[in-house]
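Numbering (this note's numbering), first residue to last: 51 to 464.
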């Protein structure tokens with residue numbers, strides 16, 4: 051303030067101070083509002099942003115030499131560095147969307163959390179990945195074994211050799227834990243109440259779509275292999291999470307892609323029945339048992355289905371009716387379809403383009419809430435358009451992933 055040699059009356063000083071304080075408060079309110087918007091959709095403890103993201107964080111993504119053996123150590127090293135460009139971009143996407151609960155598909159299962167998911171949280175999510183972004187903290191995480199890369203003693207591929215790897219593993223993979231899953235949460239996960247269906251046998255599903263060799267009319271799988279074959283290519287998890295005194299169930303999975311097979315369509319049939327298992331679990335089908343042998347029916351009222359389901363109503367590879375098992379289920383609210391302008395731009399003229407969640411022009415990733423216990427507020431797919439500042443994050447699989455983060459904003463209701 052310029053001094054003109056005159057003394058300002060005390061009243062004027064007070065008014066000036068009050069005006070300054072008022073302006074400061076207003077500016078802080080604007081900053082706080084912007085921060086709250088950036089933090090997430092969770093403006094209250096009962097409104098949540100829940101997301102699924104196939105992050106392509108499996109070890110083969112970190113090979114520097116084609117002759118280098120793929121193993122968990124490759125991902126462990128990339129996580130420990132805190133500087134891998136692809137992982138930094140994955141973290142930046144998460145920091146921009148800021149889900150409260152998040153399923154990560156294709157995050158290798160590293161049994162020692164200190165070398166795996168903890169490193170991701172500490173060295174990537176806890177570090178702002180771009181100017182203006184804030185760290186994101188997930189105090190709770192859940193990991194567990196998956197079937198991918200777990201050796202089976204059978205020739206499941208039908209090539210006459212039982213290698214225990216690739217298509218001869220219980221789920222396609224070249225080392226145990228490949229293409230694993232992680233659930234991150236800002237709210238407590240009741241780990242002692244989690245149910246896993248990793249070891250449920252396909253043959254134990256009534257009316258299973260058992261693959262048949264079209265040339266012989268006989269079962270594709272041997273008489274020894276079929277009774278032992280696990281249905282889930284990765285796993286199916288039921289995770290109870292407590293929010294504001296209410297329990298919600300996250301149902302996480304990652305069915306096999308319905309391709310990479312032959313005319314017997316063993317993967318297409320498996321994809322169908324993996325999704326059927328999820329639907330039947332919600333219907334309290336009596337044949338289902340978890341990895342502890344319990345046949346207790348699903349008892350949750352409020353749930354959300356998360357995952358890369360590798361299925362689309364527009365895909366000729368997906369068996370007809372596969373997704374109808376979920377979309378038409380009496381307990382599931384499939385009325386809201388997340389969309390993005392980036393997806394539409396990626397596939398102009400393609401049916402359902404705005405709904406796509408994968409770079410290969412398909413909807414593969416889903417967030418499907420229960421009809422009971424939720425009100426859908428909003429949702430979307432993180433897919434920036436070409437020419438935008440954030441497009442660099444999704445420009446290629448190498449940049450981040452060939453999938454996009456999908457989310458819904460859900461309000462807890464009675």
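Glycine is no exception: its CB is placed at the ideal position from the N, C-alpha and C atoms.
Between which two residues does the alpha helix (DSSP H) harbouring residue i extend?
i	result
residue 24	In the structure displayed, the chain extends from 51 to 464; residue 24 sits before or after that span and is not available.
residue 329	316-332
residue 169	167-170
Which residues does DSSP pair with residue i in a beta bridge?
i	result
residue 251	280
residue 358	415
residue 296	293
residue 453	408
residue 459	99 and 428
residue 287	246 and 302
residue 258	Note: residue 258 sits in no beta bridge, so no partner.
residue 201	219
Measure the beta-carbon distance from residue i to residue j and round it to whole angstroms, keeping in mind my assumption that it falls under 8 angstroms.
i	j	result
residue 233	residue 174	Incorrect: roughly 17 angstroms between the Cβ atoms, too far for contact.
residue 304	residue 188	Not a contact, Cβ separation roughly 19 angstroms.
residue 456	residue 415	5 angstroms
residue 306	residue 221	7 angstroms
residue 418	residue 354	7 angstroms
residue 276	residue 253	5 angstroms
residue 207	residue 218	6 angstroms
residue 444	residue 392	7 angstroms
residue 295	residue 352	12 angstroms between Cβ atoms; not a contact.
From residue i to residue j, what distance separates their C-alpha atoms?
i	j	result
residue 343	residue 249	10 angstroms
residue 298	residue 261	36 angstroms
residue 196	residue 461	31 angstroms
residue 88	residue 169	The predicted model places residue 88 with a pLDDT of 43, which falls under 50 and marks its position as unreliable; any figure quoted below should be read in that light. Their backbone Cα atoms lie some 24 angstroms apart in a straight line.
residue 81	residue 181	Here residue 81 scores only 32 on pLDDT, less than 50, and its place in the model should not be relied on; the value that follows carries that caveat. Between residue 81 and residue 181, the C-alpha separation is close to 15 angstroms.
residue 426	residue 239	22 angstroms
residue 459	residue 97	7 angstroms
residue 336	residue 375	17 angstroms
residue 123	residue 267	44 angstroms
residue 432	residue 369	28 angstroms
residue 136	residue 257	43 angstroms
residue 119	residue 383	44 angstroms
residue 148	residue 101	9 angstroms
residue 205	residue 247	23 angstroms
residue 225	residue 160	11 angstroms
residue 373	residue 115	39 angstroms
residue 430	residue 389	5 angstroms
Starting from residue i, trace the beta strand (DSSP E) in both directions and tell me its first and last residue.
i	result
residue 427	424-431
residue 156	151-157
residue 269	Looking at the DSSP string, residue 269 is not in any beta strand (DSSP E), and its letter there is neither H nor E.
residue 191	190-193
residue 235	231-235
Looking at the structure shown, is residue i part of a helix, part of a strand, or coil, going by DSSP?
i	result
residue 96	coil
residue 392	helix
residue 132	coil
residue 206	coil
residue 174	helix
residue 112	helix
residue 464	coil
residue 117	coil
residue 242	helix
residue 445	coil
residue 104	strand
residue 401	coil
residue 497	For residue 497 there is no data in the structure shown, the boundaries of the chain being 51 and 464.
residue 160	coil
residue 137	helix
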